[in-house]
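Here's the structure we're looking at; comments come further down.
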Amino acid sequence: MSKHHLGEFEELVLLTVAVLYGEAYGVSILNEMESRLNRGVSIGSLRTVLNRLEKKGYLTSRFGESTAMRGGKRKRYFLVSKYGQKALQETREQRQQLWDAIPKIAFD
Amino acid sequence: MQDKNIKNPPQWALRFFRWFCLPEMVEDIEGDLLERYQIKYSQDGISKANRYFNYQVLLLFRPGIVNYRKFLLFQNNTDMLKKYLQFSGRQLLNAKNYAVINIFGLAVGIAACLLILLYINEEWSYDAFHENSDSIYRFTTIETEEEGVVRHLANSYSPLAPLLESAFPEMEQVCRYFPRSLSVKNPENNLLVQEGRFFFADSVFFEMFSFEFKQGAPSTVLTQPNSVVLTQSTAQRYFDEEDPIGKSLLLEGGVDVRVTGVIEDIPANCSLQFDFLATMSVIRKVMGDWVLDPQQAWYYPPMYTFAKISNQADAERIESSMDKFSDNHLAPKLAEQKSFTMQPLRKVHFEALEGDLETTSNPSVLYILLAVAFLILTIGCSNYINLALSKGVQRFREIGMRKVLGANNRDIFTQLSVESFSHLMIALVLALLLVMITLPSFNNIIGRELSLWENSNWHLIGGAAAVLVLMGLMNTLFPFLAVSRFKLYGVIKGEQSGTAGAKSSGTFKNSLVVFQFATAVVLLIATFTIQQQLHYIQQKNLGLQAEQVMIIPIRDDSIQNKFRLAKELLLGVPGVSSVSAISNFPWDRGYYNFQSTISGQGKLIDANLQTLLVEEDFISTMNMEMMDGRSFSKDFGSDGSNAFILNEAAAIKFGIKDLDGLRINMTKVARGKAKEGEVIGILKDFHLKSLHHEMEPVVLTVAPVSYFLDNFVIRLQTNDLEQYINQIAAVWETEISDRPLEYFFLDETFQEFYLKESRLAKIFSYFAVLAFIIAGLGMFALAAYLSERRMKEMSIRKILGATILQIIGLLSKDFLKLVLIAILIASPLAWIGMNYWLNDFAFRTNLNWWTFAGAGLITLIIAFGTVSFRGLKTARVNPVENIKQA
Chain L
1 MSKHHLGEFE ELVLLTVAVL YGEAYGVSIL NEMESRLNRG VSIGSLRTVL NRLEKKGYLT
61 SRFGESTAMR GGKRKRYFLV SKYGQKALQE TREQRQQLWD AIPKIAFD
Chain X
1001 MQDKNIKNPP QWALRFFRWF CLPEMVEDIE GDLLERYQIK YSQDGISKAN RYFNYQVLLL
1061 FRPGIVNYRK FLLFQNNTDM LKKYLQFSGR QLLNAKNYAV INIFGLAVGI AACLLILLYI
1121 NEEWSYDAFH ENSDSIYRFT TIETEEEGVV RHLANSYSPL APLLESAFPE MEQVCRYFPR
1181 SLSVKNPENN LLVQEGRFFF ADSVFFEMFS FEFKQGAPST VLTQPNSVVL TQSTAQRYFD
1241 EEDPIGKSLL LEGGVDVRVT GVIEDIPANC SLQFDFLATM SVIRKVMGDW VLDPQQAWYY
1301 PPMYTFAKIS NQADAERIES SMDKFSDNHL APKLAEQKSF TMQPLRKVHF EALEGDLETT
1361 SNPSVLYILL AVAFLILTIG CSNYINLALS KGVQRFREIG MRKVLGANNR DIFTQLSVES
1421 FSHLMIALVL ALLLVMITLP SFNNIIGREL SLWENSNWHL IGGAAAVLVL MGLMNTLFPF
1481 LAVSRFKLYG VIKGEQSGTA GAKSSGTFKN SLVVFQFATA VVLLIATFTI QQQLHYIQQK
1541 NLGLQAEQVM IIPIRDDSIQ NKFRLAKELL LGVPGVSSVS AISNFPWDRG YYNFQSTISG
1601 QGKLIDANLQ TLLVEEDFIS TMNMEMMDGR SFSKDFGSDG SNAFILNEAA AIKFGIKDLD
1661 GLRINMTKVA RGKAKEGEVI GILKDFHLKS LHHEMEPVVL TVAPVSYFLD NFVIRLQTND
1721 LEQYINQIAA VWETEISDRP LEYFFLDETF QEFYLKESRL AKIFSYFAVL AFIIAGLGMF
1781 ALAAYLSERR MKEMSIRKIL GATILQIIGL LSKDFLKLVL IAILIASPLA WIGMNYWLND
1841 FAFRTNLNWW TFAGAGLITL IIAFGTVSFR GLKTARVNPV ENIKQA
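Right, dumping it as structure tokens:
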């Protein structure tokens, strides 16, 4: 058991933040997840997960610019940290190992 | 810098969000929300965007985003909370009497209230468990007899259902329901039982009503022409653990039925109570085709007709057209006598009609009980409020001191509420415990199987909790608000504490005491009156001797055919002193009615006579008394065919003074034949119905044919019945009938007439005692409190020469005044209420002044005892001790 444990939704959010490198803030993450994964995500659940990931150290955040559309409120940009990158990689390796361990005959 | 293109989302949602969100997240989340809102707005329009926005805000209201600090009463000081609990414990110990009275009184009040509400809840839930309960109606009959006598019957007759079906296609289902008493035999083990709850119904029955099936499917169980459905316990009675499905049962007359389904035992709150339910066609084999004949069956047998009408508008339309239904669809002669009305299923339990299968509930009794529950609760709460007001004043100084030492309003509020609510939690637990302990005996009184822990009862417990919260708030807010009104300095010095509370709440407190005792007095008078009426019923000369009279229903014409022989056989049993028979008992099926003419003494009266058809020895067997003339007798060989006896009421009604030459001609008595003869006697009035009913004019005559005789009436010599019953049963089962012996005792049946009243008497007596306990406790606490405050005054009086009696008098004078006022208020109320209740009886006791005086005296004694007990303590204390105290 690794010390990194990512829930399914956490993993998806983390990956999306990585995909949007440098451009990842609330709305863009939502849009990206909705278009790529075809699933509705509420601002509330996204923001809770982002908080949690940041608290665990997988993400860093900073305030960015504001736009008129946001009523003058600043965006909060998220970036995957080195630590987060490691967690993602580890998760992926675990998956890969499992895939590799499946006997060929199982999926015939 | 608002851009015109920027749309504003719902402001209240936004404000709500800003309020609850953690401050460090407000900005960027709000930005995200707005941005998404703009996108939604341009894509889907304002209403969808608004909905989306509100929904997102709602979803944001979750841990991690909500600023939990806003919801904490105590910021970061669980230590203080612990202290508060400690204070509340000390408060309890410090004033044990008050606390016990407070908590106990409240708990008893709530428990009593819960008990009654449990009962009322069950009553109001009658028949509600059927899925279609709101769309099922029962069709009841209004029979108009000659002389304008109108009877409202719960039943109708078998031809009604097909008529309704063809007349109103909008009725989805119509179902007949027919009770019978049948002997049932299990051919495998020859178990033979007379089953009193064997019912027949049309095949839609189980689709219309929702019973829980253990085996079989509701839509198919009754489709076979010989199918029968059993309740689970019946199935167990006949087949033990074996699978009953497909097993055969033999009904009387050798009719064979097969078990096609088993249902769970029928819940108590159901107006349809049966053990067996067979499909309708079986009845043809048991009783003959005529039972369902569309022409013949309009008079007998009575059947119950239900219909399901889902559409409310349809139902209303049908209901309004029921007036004309019998005119339009029945033969003119029938239409004159019978019309039908629709009764919603949910009302079946609350409208007492003639021929109801189950006992009904009188809604006004339920309302009375509801009022009693509310009153008891209020009495309990009054104590609490009273003591809260009095003790609250005492706490001013403490609160003031806390304030000086730096407590802010919120702290004081928290402390007071922790204190009251922790006390109230104890009260709630105690109340629930009390309910659990007393529920079995309460069930015993009301004859029910109630349970507290049922889903349908959770809201009652919730209600009890809500009452407690209200009390808690009151106990918290009163001292809290009162203190904030006064100057801190004065509060600590104690300047305000003496006068403020006493003056501002004195009248209120007094009226609560008056209210408590008035309620107790009303309950006491009610108990006395109900007991008095029950006593009156016991003592009432019924005009017959009901003790040691055994009734055996005759259910077979084979017995009727050999009636003489059967009578001789029964007379041969030792212990039987006389045997006779009667057609039917008026409390059950009413009287026979025959169109008759009374003639003689220059009179000629046409009348519809209510008649009891009896056997010759009936009057002597029942020990009825003759007022005039003679009873039926074998010495006059013709009594069997041409003699009539009137009761007193009939004699009065028809203005008959003496019997000379008086004759009655009764038409169509049996098989269309008339019966004509002289009136040989007048009976003293006798009661074969409950005393709720007026004395009715009745004629007795000997049944012209034995098939009228449906009940043996047997007088036994002694009360040692066990042994004789066995002997009668032996004779009955070997030589008279192939059915098991069924019997009941007349006096027990008479007792059952007053079951509701005797239950009410018990309930009222218990609640009257409770009311006195709670009110007495409250008065005790109040007296204790007041005499404590007047301790110094009393001590000085004592030193100056007042006697103990004078001091007690001084202390109790105010209270006794209140109790007197309570008695004065309660008496007329009780008088009105009990008069109303007694009006239910045609034969009733009168309200006595001494009932009221007695109740008042008891109340005064209790109140005086309570107060002087406390006063004595004050009066006997060494005055020096009190005066020395600072």
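Residue numbers (the numbering used here), protein chains in the order written: chain L, 1 to 108; chain X, 1001 to 1886.
Backbone N, C-alpha and C define an ideal beta-carbon position, used for all residues, glycine too.
Chain-order list of chain L residues neighbouring residue 1056(X): 42, 43, 44, by C-beta distance under 8 Å.
For residue 1682(X), the enclosing beta strand (DSSP E) stretches over residues 1673-1683. Between residue 1028(X) and residue 76(L) a beta carbon distance of about 4 Å is seen, short of the 8 Å cut, so the two are scored as contacting. Contact between residue 1599(X) and residue 1592(X) does not hold, since their C-beta atoms are separated by about 21 Å, which reaches or exceeds 8 Å. For the pair of segments examined, the region 1300-1307 of chain X was found to touch the region 1153-1170 of chain X: the number of CB pairs separated by less than 8 Å reaches three. Just measuring C-alpha positions, the residue of 11(L), 65(L), 97(L) sitting nearest residue 46(L) is 11(L).
Going by beta carbons, residue 1533(X) and residue 1752(X) fall outside the 8 Å limit. In summary, the residues of the region 55-80 of chain L whose CB is separated from some CB of chain X by less than 8 Å are 63, 66, 67, 68, 69, 70, 71, 72, 73, 74, 75, 76, in the order they occur in the chain. No Cβ of chain X is located within less than 8 Å of the beta carbon of residue 6(L).
The residues 1211, 1212, 1213, 1214, 1231, 1232, in chain order, have a CB closer than 8 Å to that of residue 1264(X) in the same chain once the five nearest residues on each side in sequence are set aside. Non-local beta-carbon contacts of residue 1876(X) in its own chain, meaning distances under 7 Å to residues more than five positions away in sequence, involve 1804 in chain order. Considering only 1788(X), 1798(X), 1107(X), the residue with the shortest C-alpha distance to residue 1438(X) is 1107(X). Under the DSSP assignment, residue 1165(X) falls in the alpha helix (DSSP H) whose first and last residues are 1160-1167. Using a Cβ distance threshold of 8 Å, residue 1144(X) and residue 1337(X) count as a contacting pair. Contact holds between the region 1168-1185 of chain X and the region 1196-1206 of chain X, because three or more Cβ pairs, one in each stretch, are under 8 Å apart. Residue-level contact check: residue 37(L) does not touch chain X, since none of the beta carbons of chain X fall below 8 Å from its beta carbon.
When DSSP states are grouped into helix, strand and coil, residue 1423(X) belongs to the helix group.
Listed in chain order, the alpha helix (DSSP H) elements of length 4 or more contained wholly in the region 1725-1778 of chain X are 1746-1753. Checking the DSSP bridge columns, you'll see residue 1620(X) has no partner listed. Interface criterion met: the Cβ of residue 1036(X) is under 8 Å from a Cβ in chain L. Interface with chain L (8 Å Cβ-Cβ cutoff): residue 1062(X) is included. Contact residues of the region 1006-1034 of chain X toward chain L are 1006, 1025, 1027, 1028, 1029, 1030, 1031, 1032, 1033, 1034 (C-beta to C-beta distance below 8 Å).
Here residue 1151(X) is not near residue 1348(X), since their CB atoms are 8 Å or more apart. Your pair residue 1651(X) and residue 1665(X) does not check out as a contact, with CB atoms roughly 18 Å apart and the cut at 8 Å. Between residue 1685(X) and residue 1647(X), the gap from beta carbon to beta carbon is short of 8 Å. Non-local beta-carbon contacts of residue 1129(X) in its own chain, meaning distances under 8 Å to residues more than five positions away in sequence, involve 1210, 1267, 1269, 1270 in chain order.
For residue 1089(X) and residue 1801(X), the gap between their C-alpha atoms comes out near 41 Å. CA-to-CA, the gap between residue 8(L) and residue 50(L) works out to about 13 Å. Contact check for residue 1572(X) against residue 1718(X) fails: the beta carbons are separated by 8 Å or more. Proximity of residue 26(L) to chain X, defined by a Cβ-Cβ separation below 8 Å, is satisfied. Residue 1012(X) is classed as exposed because its beta carbon has fewer than 16 other beta carbons within 10 Å across all chains shown. Measuring C-alpha to C-alpha distances from residue 1131(X) to each of 1308(X), 1722(X), 1095(X), 1285(X) identifies 1308(X) as the nearest. Our two residues, residue 33(L) and residue 13(L), have alpha carbons roughly 8 Å apart in a direct line. Note that the region 1374-1389 of chain X touches the region 1470-1478 of chain X; at least 3 beta-carbon pairs, one per stretch, sit closer than 8 Å.
In this structure, DSSP gives residue 1134(X) a helical state, which the three-state scheme calls helix. Taking CB atoms only, residue 1103(X) has no neighbour in chain L less than 8 Å away.
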